[in-house]
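Below: the structure, in structure tokens.
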Amino acid sequence: MLVNTVATATEGAWNVADVGNGSTLGYTYGTRSFSQNGLGVLGIQNSQVSSGILLTKQAGVYGYSQANAVGVVGHCATNAGMWGYSASSIGVIGNSASFVGVQGVGLGGTGVGGWFVGARAALTLGTAAAPGAPTSGAHLIGDIYLDSAAVVWVCIGTGTPGSWVRLTGVANGGTGGATTYLPTPVRLLDARSGASSELVNRPALAGNEVYTLSVAGLGGIPGGAQGLICDVTVLGPGGNGNLSLFPAGHTAPVTASMTFLAGAFLANGVNTALGAGGQVAIQNQSGASTPLVLDAVAYVS
Numbered sequence: 003m004l005v006n007t008v009a010t011a012t013e014g015a016w017n018v019a020d021v022g023n024g025s026t027l028g029y030t031y032g033t034r035s036f037s038q039n040g041l042g043v044l045g046i047q048n049s050q051v052s053s054g055i056l057l058t059k060q061a062g063v064y065g066y067s068q069a070n071a072v073g074v075v076g077h078c079a080t081n082a083g084m085w086g087y088s089a090s091s092i093g094v095i096g097n098s099a100s101f102v103g104v105q106g107v108g109l110g111g112t113g114v115g116g117w118f119v120g121a122r123a124a125l126t127l128g129t130a131a132a133p134g135a136p137t138s139g140a141h142l143i144g145d146i147y148l149d150s151a152a153v154v155w156v157c158i159g160t161g162t163p164g165s166w167v168r169l170t171g172v173a174n175g176g177t178g179g180a181t182t183y184l185p186t187p188v189r190l191l192d193a194r195s196g197a198s199s200e201l202v203n204r205p206a207l208a209g210n211e212v213y214t215l216s217v218a219g220l221g222g223i224p225g226g227a228q229g230l231i232c233d234v235t236v237l238g239p240g241g242n243g244n245l246s247l248f249p250a251g252h253t254a255p256v257t258a259s260m261t262f263l264a265g266a267f268l269a270n271g272v273n274t275a276l277g278a279g280g281q282v283a284i285q286n287q288s289g290a291s292t293p294l295v296l297d298a299v300a301y302v303s
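Given below as structure tokens:
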């Protein structure tokens, strides 16, 4: 059953389908629809004029409201509250001067606030006028912001302008991205005579030895880590030489991670990528035994 009544001063149209529960909605609407088994509102746009307003975009359903009210409300218990579809333009447009343009709320523990599908990006953000996080206006935790340099920011603290963190990333086809610092440095390797207290213990590296250390999974470093930031300390090597750290499975570089003299106690910070399985190779480019320790500071995801 479909009933169409004449529009009143506060209602553009009152469309009712299968209404029988006697409920009264305490809102003022431009278009108001209710359905128990069908579509509450079905808008099909064949021209650019809707309700006497010339639209610059063709729209299936257009809702406009002033004074902090709501242009369009869609509610459904088990399916879609509002469904916007467009073959070549925009499915749903929400404009608001002081409230929310479009709001999606998932209820019941299984509902989804928003669902975006299609051949193009699932969600497209318009860029801001300047680089950096917002410096004015009220923002809520969870706000996502794209600045003029195409850097994505996420609000982690409600306020004016709120607290923001920048999302890191790498170009398509690249590896490595976010750097995570460990709460405290972790000694991954103790390679000296009598070592027994660290995560990996072994004797000093023999002359010209290449040792492979499995870093992934040690000391809070996840299995998917792509790189290691660490400190390497030699503890009285038997001869002059140098150490090279590099991704396991790759050719040793011609450059050195650190250079030392016989008997020296010397530390150096080293950054290196990890090889397959999260492994790093340590090459002792010295003809003598070289005791050392390796302490992790951070890892790259």
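If you want this note's numbering, it's the position in the sequence shown, counting the first as 1, plus 2.
Beta carbons are placed, not taken as given, at the ideal position from N, Cα and C, and that holds for glycine.
Per the DSSP secondary-structure output, H252 pairs with nothing in a beta bridge.
Here P293 is not near P255, since their CB atoms are 9 Å or more apart. When the Cα atoms are used, V153 and Q281 turn out to be separated by approximately 32 Å. The beta carbon of S216 sits closer than 6 Å to those of Q281, all from its chain and outside the five residues before and after it, given in chain order.
For A173, there is no enclosing beta strand (DSSP E), as DSSP marks it with neither H nor E. The criterion of a C-beta distance shorter than 9 Å is not satisfied by P205 and S198. Around the beta-carbon of N210, fewer than 16 other beta-carbon atoms lie within 10 Å, marking it exposed. DSSP places W166 in the strand class (E or B) of the three-state scheme. The three-state reading of DSSP puts Y87 in coil, since its state is none of H, G, I, E or B. Residues V236, P239, L268 of the same chain have their beta carbon placed closer than 6 Å to that of F262, with the five preceding and five following residues left out of the count. Here A124 is exposed. Its C-beta has fewer than 16 other C-beta atoms within 10 Å. Separation of G225 and G219 (C-alpha to C-alpha, rounded to the nearest whole angstrom) is 5 Å. Under DSSP, the beta-bridge partners assigned to I284 are Y213, L247. Inclusion of Y301 and L245 in the CB contact set at 9 Å is not warranted, their separation being larger than that value.
For Q287, the CB contacts under 8 Å within the same chain, skipping 5 residues up- and downstream, are N210, G243, N244, L245, S246, A258 in chain order.
Taking C-beta atoms under 8 Å as the contact rule, I146 and I158 fail to qualify, at a distance of about 11 Å. In the three-state reduction of the DSSP assignment, A218 falls in the coil class. In this structure, V202 lies away from L184, with their beta-carbon atoms at least 9 Å apart. T160 is the residue among R122, V119, A227, T160 whose C-alpha sits nearest the C-alpha of G139. Under the 10 Å beta carbon count, A135 is surrounded by 16 or more other beta carbons and is classified as buried.
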